[in-house]
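Chemist: Pasting a structure here, questions to come.
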Amino acid sequence: MRWTDYALKKTGARTLAEFQRSYGLPETGEADLVTSRALWDYLVGYRCHRMGPRETLYQVAQTYNTTIQAIWAGNCGLPAGGPVPGQIIRVPLPCPVVDWDAPYESALEAVFLEGLHARCRWLTSETLAVTPGGRHIWALRIGTGPRRILVTGGHHGSEWITGLLLWKLLEEYLTAVREEGAFGGFPARGLFRRTTLCLVPLVNPDGADLALGLGTEPERARMTALGVSQPQVPLPKGWKANGSGVDLNLNYPARWEAAKTIKAAAGVTAPGPKDYPGDAPLDQPETRALSDFIRRFAPHAIAAWHTQGGEIYAADHRGVMPDEALAQRMAAASGYILTNPAPESANAGLRDWFMDAFHRPGYTIEAGRGETPLPISDLPELVRENLPILALLLAAG
133 MRWTDYALKK
143 TGARTLAEFQ
153 RSYGLPETGE
163 ADLVTSRALW
173 DYLVGYRCHR
183 MGPRETLYQV
193 AQTYNTTIQA
203 IWAGNCGLPA
213 GGPVPGQIIR
223 VPLPCPVVDW
233 DAPYESALEA
243 VFLEGLHARC
253 RWLTSETLAV
263 TPGGRHIWAL
273 RIGTGPRRIL
283 VTGGHHGSEW
293 ITGLLLWKLL
303 EEYLTAVREE
313 GAFGGFPARG
323 LFRRTTLCLV
333 PLVNPDGADL
343 ALGLGTEPER
353 ARMTALGVSQ
363 PQVPLPKGWK
373 ANGSGVDLNL
383 NYPARWEAAK
393 TIKAAAGVTA
403 PGPKDYPGDA
413 PLDQPETRAL
423 SDFIRRFAPH
433 AIAAWHTQGG
443 EIYAADHRGV
453 MPDEALAQRM
463 AAASGYILTN
473 PAPESANAGL
483 RDWFMDAFHR
493 PGYTIEAGRG
503 ETPLPISDLP
513 ELVRENLPIL
523 ALLLAAG
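Mapping of the sequence shown onto our numbering: residues 133 to 529, in sequence order.
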């Protein structure tokens, strides 16, 4: 029902009966099959339309309150003269795909992906891995430039909002590219031609669903059993690990042994809600898939979004900052503080491994302020603060 309510809100109707009345559907007041199918169009943000005899794209755009440009952007292989009668095209609806109060969970990523594909034919995607819980880890790519940037979110389950943040930033960027507008003060088409951007919005979908109180009954039972070792962690919202009880941002081969020793000294010696680095570096399917992809993609820089504290980490474990000027600009644009993590926390993370292995800039963005998990009501402020960071990453080099 939460998805039905979300789609209904995007239509502008207050009740199912009002929506049914407005769209000429039987007024049952229930989410029946016909109504649910109509609501699905608003969930993904587009509708399939069959071209009528002598119908023009201008007429279609007027009917759906969109533009010819937006229709062209979302459809591959249209004839040069436009679609022919009988041809089915995808038409974006006048609502965002990623709304400010999306009822986020990992399954919603497939909805976002379908909706954004229908708004930007230049967006491509692939599955990096399927987790033990059967959830997809998506990698999304846009841009044609020689500079390559990778951004990630959701390494920690309780930081699920960073995944939603990256999906929203992606939609903002796609919209700017499609409409030939600006993104963070830069011409979006110029960024598109300059940089190839890859996003992995949710590295840890199993952990995110657990932290959101979702997941299967066996997954929740396992979480409860593993949580006994760390009773100070509130469950489910405090769950940081993946479904196996491993902290994914402590599972990379960069001083992993030091991380394991530090966490063991703090009493963490087995899988649990947080801080367990695994039995060996990259022994988790999520980190192994992401590191393999990074080796293939060979980004010139990466940024990993976490929460919270309003901080940016840009120096490696020696205190060396590969691109201090860019880091300073990102801090100034976002209002975040450029600082270093505590020495005991500078081990076995994605950024630590990337900077060691590639000798290129890596950034950790501790987005927002407050207490993790940040509420979804913080999303507009998070977008305002972090959009300039992404724009600067795309424009640099």
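Beta carbons are placed, not taken as given, at the ideal position from N, Cα and C, and that holds for glycine.
Remember, predicted model here, so these are calculated numbers, not experimental data.
Mapping the DSSP letters down to three states, classify residue 288 as helix, strand or coil.
Modeler: Residue 288 falls in the coil class under three-state DSSP.
Chemist: Would you please state the rounded distance, in angstroms, between the beta carbons of residue 302 and residue 331? I believe it to be under 8 Å.
Modeler: Correct: roughly 6 Å between the Cβ atoms.
Chemist: Hey, how far is the Cα of residue 484 from the Cα of residue 237?
Modeler: Answer to the nearest angstrom: the Cα atoms are 28 Å apart.
Chemist: Check the C-beta distance from residue 495 over to residue 444 and give it rounded, since I have them as a contact under 8 Å.
Modeler: Between residue 444 and residue 495 the Cβ distance is about 6 Å, and since that is below 8 Å, they are a contact.
Chemist: Is residue 294 closer than 8 Å to residue 439 when the C-beta atoms are compared?
Modeler: Yes. Within cutoff.
Chemist: Examine the Cβ distances between the stretch 416-435 and the stretch 386-396 and report whether three or more of them are shorter than 8 Å.
Modeler: Short answer: they don't touch.
Chemist: Looking at the strands, I want to know which residues DSSP matches up with residue 257.
Modeler: The partner list for residue 257 (beta bridge, DSSP) reads 272.
Chemist: For the pair the stretch 346-354 and the stretch 255-263, tell me if three or more CB-CB distances fall below 8 Å.
Modeler: No: fewer than three Cβ pairs fall under 8 Å.
Chemist: Should residue 288 be labelled buried (16 or more other beta-carbon atoms within 10 Å of its own) or exposed?
Modeler: It counts as buried.
Chemist: Pairs of beta-carbons, one from the stretch 359-367 and one from the stretch 268-288, closer than 8 Å: are there three or more?
Modeler: Counting Cβ pairs under 8 Å, fewer than three are found: no touch.
Chemist: Exposed or buried, what is residue 313 when buried is set at 16 or more other beta-carbons lying within 10 Å of its beta-carbon?
Modeler: Looking at its Cβ environment, which holds fewer than 16 other Cβ atoms inside 10 Å, residue 313 is exposed.
Chemist: So, for residue 336: in the same chain, excluding its five sequence neighbours on each side, which residues have a beta-carbon less than 7 Å away from its beta-carbon?
Modeler: Hits under 7 Å: 286, 287, 288, 289, 374, 380, 418.
Chemist: Considering only residues of the same chain and omitting the five flanking positions on each side of residue 169, which have a CB-CB separation below 7 Å?
Modeler: Closer than 7 Å at the Cβ level, and outside the excluded window around residue 169, lies no residue.
Chemist: Indicate the three-state DSSP secondary structure (helix, strand or coil) for residue 366 in the structure shown.
Modeler: Residue 366: coil per DSSP, three-state reduction.
Chemist: Considering Cα atoms alone, identify which of 320, 261, 461, 486 is closest to residue 277.
Modeler: The residue with the shortest Cα to Cα distance from residue 277 is 320.
Chemist: Is the Cβ-Cβ distance between residue 424 and residue 487 less than 8 Å?
Modeler: Cβ atoms of residue 424 and residue 487: not closer than 8 Å.
Chemist: Can you tell me the Cβ-Cβ gap for residue 140 and residue 165, rounded? I've got them flagged as a contact below 8 Å.
Modeler: Their Cβ separation, rounded to whole angstroms, is 16 Å, which puts residue 140 and residue 165 out of contact at 8 Å.
Chemist: Let me confirm a value: residue 452 is counted as buried when at least 16 other C-beta atoms fall within 10 Å, else exposed. Which label applies?
Modeler: Classification for residue 452: exposed.
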